[in-house]
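Okay, so the sequence shown: first residue is 3 according to my numbering, each after it adds one.
All C-beta atoms, glycine included, are put in the ideal place defined by N, C-alpha and C.
Treat the numbers as computed from the prediction; the structure is a model and nothing was measured.
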Amino acid sequence: MESDRTLSALGNEYNPDILRAAEEPHSAQEFSEMLDIPIATCYRRIEELTAAGLLELHDRVLSDEHRRTNVYRREVDEIVVRFESDDYTVSVTERPEVKNKLDDVWRKIAQD
Numbered sequence: 003m004e005s006d007r008t009l010s011a012l013g014n015e016y017n018p019d020i021l022r023a024a025e026e027p028h029s030a031q032e033f034s035e036m037l038d039i040p041i042a043t044c045y046r047r048i049e050e051l052t053a054a055g056l057l058e059l060h061d062r063v064l065s066d067e068h069r070r071t072n073v074y075r076r077e078v079d080e081i082v083v084r085f086e087s088d089d090y091t092v093s094v095t096e097r098p099e100v101k102n103k104l105d106d107v108w109r110k111i112a113q114d
């Protein structure tokens, strides 16, 4: 993961909020409504976070309007930025695949 791109993505308005909310999969419309973000901005932020490797396309689900909708979930568990005297480092802990699978199983059990 590219440190400059990660830090740049984190610095944009709404991106940290989207990442916090993306522990569970949500569509752009859901993020927009939950976080009070204009929908066009929400789509741009999702694209930026996905390009930075912080958010992933989790699935395409059928919406209430019977259309396929992308849902996104964060790709990371933790981001640590350390500022040193003349430089900085960005450490990213990626979300383990096994955690994603367990979350999916629990979500399906809870829905049934």
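Shown here, residue 45 sits in a helix according to DSSP, grouped into three states. Around residue 62, the same chain offers 70, 71, 72 and 73 as residues with beta carbons nearer than 8 Å, after the five sequence neighbours per side are excluded. Beyond the five residues adjoining it in sequence on each side, residue 95 comes within less than 6 Å, by CB distance, of 79 and 80 in the same chain, given in chain order. As the crow flies, the alpha-carbon of residue 15 is around 20 Å from that of residue 4. In this structure, residue 50 lies near residue 11, with their beta-carbon atoms less than 8 Å apart.
Per DSSP, residue 72 is one residue of the beta strand (DSSP E) stretching across 70-76. Checking the DSSP bridge columns, you'll see residue 85 partnered with 90. Its chain contains 44, 45 and 48 as the residues whose beta carbon lies nearer than 6 Å to that of residue 30, once the 5 sequence neighbours on both sides are disregarded; these appear in chain order.
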